[in-house]
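Chemist:
Residue numbers (this note's numbering): 13 to 277.
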């Protein structure tokens with residue numbers, strides 16, 4: 013887990029600092045250097061793309077955008093999912109049944125198709141991507157939080173809060189939510205890779221981040237078109253995307269083992 017955190021921090025630092033080191037701008041076009049292979053000469057460390065733009069700077073920009081979209085979308089799903097699941101689990105009864113049947117109905121919808129329609133019907137921008145991806149991820153979060161809340165509401169400290177007249181919103185926010193931190197933190201670390209994959213898929217379809225901005229998914233899409241003659245356009249962003257996903261998955265597994273061991277002790 014520590015190695016995963018160290019690698020993610022290193023990638024983030026390089027993504028922030030790297031463009032300052034490179035003399036090239038991410039949107040600067042140089043037709044004299046189209047599809048130049050990676051080399052130290054000319055400061056094109058990752059080579060150039062089909063428009064002669066520096067792939068090193070564009071890859072670092074893609075990492076920034078991909079992580080930003082994934083983290084914010086995960087926070088959106090966190091807020092919606094925890095609130096919805098905690099209310100459903102604590103109130104219980106008919107309210108719980110109705111709320112969870114709504115979740116089951118949403119599960120039956122083809123959300124990728126819904127997201128594609130949303131991106132086509134409205135102007136494509138960062139905010140819309142956040143909403144679209146967050147609208148997919150909160151369902152799993154709500155189910156997990158509801159299950160934990162059903163157990164927590166039977167605990168003695170909740171009964172004590174009821175006896176002294178604490179209202180339901182305060183019980184949920186002060187007594188239920190703090191005890192959900194462990195499972196929520198673990199699930200968020202596993203939600204971020206899912207959000208990264210959804211964003212990459214949308215960008216691969218041309219429905220995500222638009223030029224001159226880019227993301228790792230958009231770079232992979234561009235690399236596929238030149239994989240035979242300029243394989244670095246695909247291998248570099250795809251390798252970094254796989255590394256980031258692997259680190260987040262290892263981080264989530266490590267946190268889960270940590271909280272399981274602490275609860276077991």
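Glycine is no exception: its CB is placed at the ideal position from the N, C-alpha and C atoms. Just so we're clear, the structure is a prediction, and the values are computed from it rather than from any experiment.
Compute the beta-carbon to beta-carbon distance between residue 200 and residue 187, rounded to the nearest angstrom, for a pair I have assumed lies under 8 Å.
Modeler: Along the chain shown, one-based indexing puts residue 200 at 188. Along the chain shown, one-based indexing puts residue 187 at 175. Contact flag wrong, Cβ pair sits at about 21 Å.
Chemist: Return yes when the Cβ of residue 61 is within less than 7 Å of the Cβ of residue 52, no when it is not.
Modeler: The count along the chain shown starts at 1 and reaches residue 52 at position 40. The count along the chain shown starts at 1 and reaches residue 61 at position 49. For residue 52 and residue 61, no; Cβs fall outside 7 Å.
Chemist: Would you call the CB atoms of residue 263 and residue 34 closer than 7 Å?
Modeler: Taking the chain shown and counting its residues from 1, the one referred to as residue 263 is at position 251. Taking the chain shown and counting its residues from 1, the one referred to as residue 34 is at position 22. No, the Cβ-Cβ distance between residue 263 and residue 34 is not below 7 Å.
Chemist: Return helix, strand or coil for residue 60, following the three-state DSSP convention.
Modeler: The residue labelled residue 60 in the question sits at position 48 within the chain shown. DSSP places residue 60 in strand when its eight states are reduced to three.
Chemist: Of the choices 57, 75, 58 and 241, whose alpha-carbon is the least far from that of residue 226?
Modeler: Position 214 of the chain shown, counted from the start, is the residue given in the question as residue 226. Taking only the C-alpha atoms, the option nearest residue 226 is 75.
Chemist: Would you report the Cα separation of residue 224 and residue 236, rounded to the nearest angstrom?
Modeler: If you number the chain shown from 1, residue 224 lands on position 212. If you number the chain shown from 1, residue 236 lands on position 224. Going by the C-alpha atoms only, they are around 18 Å apart.
Chemist: Can you tell me which residues form a DSSP beta bridge with residue 66?
Modeler: Locating residue 66 in the chain shown gives position 54, where the first residue counts as 1. In the DSSP output, where bridge partners are listed per residue, residue 66 has 60.
Chemist: Taking all protein chains shown into account, decide if residue 125 is buried (16 or more other Cβ within 10 angstroms of its Cβ) or exposed.
Modeler: Numbered from its first residue, the chain shown carries residue 125 at position 113. Classification for residue 125: exposed.
Chemist: Check for me: the alpha helix (DSSP H) holding residue 106 runs from which residue to which?
Modeler: Residue numbering aside, residue 106 sits at position 94 when the chain shown is read from its first letter. Per DSSP, residue 106 belongs to the alpha helix (DSSP H) from 105 to 120.
Chemist: For residue 168, does the three-state DSSP call read helix, strand or coil?
Modeler: Position 156 of the chain shown, counted from the start, is the residue given in the question as residue 168. Three-state DSSP puts residue 168 in a helix.
Chemist: Which of the three DSSP states is assigned to residue 237 in this structure?
Modeler: For the purposes of this step, residue 237 is taken as the residue at position 225 of the chain shown. Looking at residue 237 - three-state DSSP - the assignment turns out to be coil, as it is neither helix nor strand.
Chemist: Find out if the Cβ-Cβ distance for the pair residue 157, residue 59 is shorter than 7 Å.
Modeler: The sequence position of residue 157 within the chain shown is 145, counting from 1. The sequence position of residue 59 within the chain shown is 47, counting from 1. Against a cut-off of 7 Å, the Cβ pair of residue 59 and residue 157 comes out as no contact.
Chemist: What span of residues does the alpha helix (DSSP H) with residue 41 cover, start to end?
Modeler: Within the chain shown, residue 41 is the residue found at index 29, counting from 1. That residue, residue 41, is in no alpha helix (DSSP H); it is neither H nor E in DSSP.
Chemist: Check the C-beta distance from residue 115 over to residue 155 and give it rounded, since I have them as a contact under 8 Å.
Modeler: Counting from 1 along the chain shown, the entry for residue 115 is found at position 103. Counting from 1 along the chain shown, the entry for residue 155 is found at position 143. 7 Å between Cβ atoms; contact.
Chemist: Do the region 79 to 86 and the region 140 to 154 make contact, defined as three or more Cβ pairs closer than 8 Å?
Modeler: Flag = yes, the region 79 to 86 and the region 140 to 154 touch.
Chemist: Where residue 277 and residue 161 are concerned, what is the direct C-alpha to C-alpha distance, given to the nearest angstrom?
Modeler: In the chain shown, the residue the question calls residue 277 occupies position 265. In the chain shown, the residue the question calls residue 161 occupies position 149. Here the model assigns residue 277 a pLDDT of 47, short of 50, so the residue's position is not dependable, and the following value carries that caveat. Straight-line Cα distance between these residues: approximately 21 Å.
Chemist: So, for residue 191: in the same chain, excluding its five sequence neighbours on each side, which residues have a beta-carbon less than 6 Å away from its beta-carbon?
Modeler: Residue 191 sits at position 179 when you count from the first residue of the chain shown. So the list reads 164, once near-sequence residues are dropped.
Chemist: Let me know the secondary structure DSSP gives residue 249 once reduced to three states.
Modeler: The residue labelled residue 249 in the question sits at position 237 within the chain shown. In this structure, residue 249 counts as helix in the three-state DSSP scheme.
Chemist: Just verifying my parser: in three-state terms, what is the DSSP assignment at residue 218?
Modeler: Here residue 218 refers to the residue found at position 206 when the chain shown is read from its first residue. Three-state result, residue 218: coil.
Chemist: Go ahead and pull the three-state DSSP assignment for residue 152.
Modeler: What you label residue 152 is simply residue 140 of the chain shown in a count that begins at 1. Of the three classes helix, strand and coil, the one that applies to residue 152 here is helix, per DSSP.
Chemist: So which of 121, 254, 184 and 95 has the shortest CA-CA distance to residue 111?
Modeler: Numbered from 1 along the chain shown, position 99 holds the residue referred to as residue 111. Residue 111 has its Cα closest to that of 95, out of 121, 254, 184 and 95.
Chemist: Please report the distance separating the alpha-carbon of residue 244 from that of residue 55.
Modeler: For the purposes of this step, residue 244 is taken as the residue at position 232 of the chain shown. For the purposes of this step, residue 55 is taken as the residue at position 43 of the chain shown. One C-alpha to the other measures close to 16 Å.
Chemist: So for residue 211, helix, strand or coil by DSSP?
Modeler: Against the chain shown, residue 211 aligns to sequence position 199. DSSP places residue 211 in helix when its eight states are reduced to three.
Chemist: Given this structure, state the Cα-to-Cα distance separating residue 203 from residue 215, to the nearest angstrom.
Modeler: For the purposes of this step, residue 203 is taken as the residue at position 191 of the chain shown. For the purposes of this step, residue 215 is taken as the residue at position 203 of the chain shown. The alpha-carbon atoms of residue 203 and residue 215 are separated by roughly 18 Å.
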